[in-house]
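Colleague: Sharing a structure, written as structure tokens. Questions coming.
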Amino acid sequence: MSMKKEPSSKQSSEELATAEVEEVVAPIEVIEPIVTEAGEQSAGAKLARQQAVRYLLWGLISVVVNLGAFYVGYRLLGIEYQVANLIAWALGVQCAFWVDRILVFKHKSARPFHEMGKFYVTRIATYLVESLVLWVGISLLGIPGTWTKIIGQGLAIVGNFFFSKLVVFRKATKE
1 MSMKKEPSSK QSSEELATAE VEEVVAPIEV IEPIVTEAGE QSAGAKLARQ QAVRYLLWGL
61 ISVVVNLGAF YVGYRLLGIE YQVANLIAWA LGVQCAFWVD RILVFKHKSA RPFHEMGKFY
121 VTRIATYLVE SLVLWVGISL LGIPGTWTKI IGQGLAIVGN FFFSKLVVFR KATKE
């Protein structure tokens, strides 16, 4: 067990927040080498695998937010499924941006809101795919909404990982 340090008056709130995040992330970083060890890999392949593991572990937070909001809106409040999906999507994307930026890709830049804009644009593409899956599943095939939502989320998760890694949080290349 780690002992929490008492904050000194000289520490900024950003330093305190970073320390809190590191305390939460540390156990995952200890597990990652065990989970990802599958023989010798290049540093890039190992990093990609570690990011994928973190994406799946930490991504559950935004999936729970998305599915929970959809369930509450669609099932409990009786909101039309596409409207419930839009609300769930917006809440899930906002949650996912900060989780992905801080915990998954450990990305640091001076332009987080520029990244957030790119993040939303890429998530719109997977939202459209998910909406299409919901329409086909619920309206055409008569599959229950919650199950259709889970199928759509699965497809969106895969697409979102690659968009986040390759478009939003990619490392800047040196020219």
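Heads up: the sequence shown begins at 1 in UniProt numbering, then just goes up one per residue. Beta carbons are placed, not taken as given, at the ideal position from N, Cα and C, and that holds for glycine.
1) Could you give the distance in angstroms between the alpha-carbon of residue 120 and the alpha-carbon of residue 111?
2) For residue 164, does the count of other Cβ atoms within 10 angstroms reach 16, so buried, or fall short, so exposed?
3) Taking the straight line between their C-alpha atoms, what separation do you get for residue 54 and residue 104?
4) Answer yes or no: do residue 130 and residue 156 have a C-beta to C-beta separation smaller than 7 Å?
5) Put residue 143 into one of helix, strand or coil per three-state DSSP.
6) Here's a check: name, in chain order, each residue in its chain whose Cβ is nearer than 7 Å to the Cβ of residue 145, leaving out the five neighbours to either side.
7) If you draw a straight line from the alpha carbon of residue 175 to that of residue 50, how long is it in whole angstroms?
8) Could you check what DSSP says for residue 70 in three-state terms: helix, strand or coil?
9) Pick from 161, 83, 117: whose alpha carbon is nearest that of residue 135?
10) Using only the alpha-carbon positions, how far apart do residue 150 and residue 127 sit?
11) Is residue 133 buried or exposed, if buried means 16 or more other CB atoms sit within 10 Å of its CB?
12) Distance, Cα to Cα, residue 162 vs residue 92?
13) On the three-state DSSP scale, how would you describe residue 171?
14) Check whether the Cβ atoms of residue 52 and residue 66 sit closer than 7 Å, and answer yes or no.
Modeller: Once the coordinates are examined:
1) One-based indexing of the sequence shown puts residue 120 at position 120. One-based indexing of the sequence shown puts residue 111 at position 111. When rounded, the distance between both Cα atoms is 15 Å.
2) The sequence position of residue 164 within the sequence shown is 164, counting from 1. Residue 164 should be labelled buried.
3) Position 54 of the sequence shown, counted from the first residue, corresponds to residue 54. Position 104 of the sequence shown, counted from the first residue, corresponds to residue 104. Their backbone Cα atoms lie some 5 Å apart in a straight line.
4) Here residue 130 refers to the residue found at position 130 when the sequence shown is read from its first residue. Here residue 156 refers to the residue found at position 156 when the sequence shown is read from its first residue. Cβ atoms of residue 130 and residue 156: closer than 7 Å.
5) Residue numbering aside, residue 143 sits at position 143 when the sequence shown is read from its first letter. Coil.
6) Here the question's residue 145 lines up with position 145 in the sequence shown. Same-chain partners within the cutoff: 74, 81, 138.
7) For this step, residue 175 is matched to residue 175 along the sequence shown. For this step, residue 50 is matched to residue 50 along the sequence shown. Annotation note: pLDDT 39 at residue 175 (below 50); position unreliable, coordinate value reported separately. Residue 175 and residue 50: Cα-Cα distance of roughly 27 Å.
8) The residue you call residue 70 lines up with position 70 of the sequence shown. Of the three classes helix, strand and coil, the one that applies to residue 70 here is helix, per DSSP.
9) Within the sequence shown, numbered from 1, the residue matching residue 135 stands at position 135. Of the candidates 161, 83, 117, the one whose C-alpha sits nearest the C-alpha of residue 135 is 83.
10) For the purposes of this step, residue 150 is identified with residue 150 of the sequence shown, where counting begins at 1. For the purposes of this step, residue 127 is identified with residue 127 of the sequence shown, where counting begins at 1. Straight-line Cα distance between these residues: approximately 13 Å.
11) Within the sequence shown, residue 133 is the residue found at index 133, counting from 1. Buried: at least 16 other Cβ atoms inside 10 Å.
12) Along the sequence shown, read from residue 1 onward, the residue named residue 162 stands at position 162. Along the sequence shown, read from residue 1 onward, the residue named residue 92 stands at position 92. Distance between the alpha carbons of residue 162 and residue 92 is about 17 Å.
13) For the purposes of this step, residue 171 is taken as residue 171 along the sequence shown, with counting starting at 1. Residue 171 falls in the coil class under three-state DSSP.
14) On the sequence shown, position 52 is the one that residue 52 refers to. On the sequence shown, position 66 is the one that residue 66 refers to. For residue 52 and residue 66, no; Cβs fall outside 7 Å.
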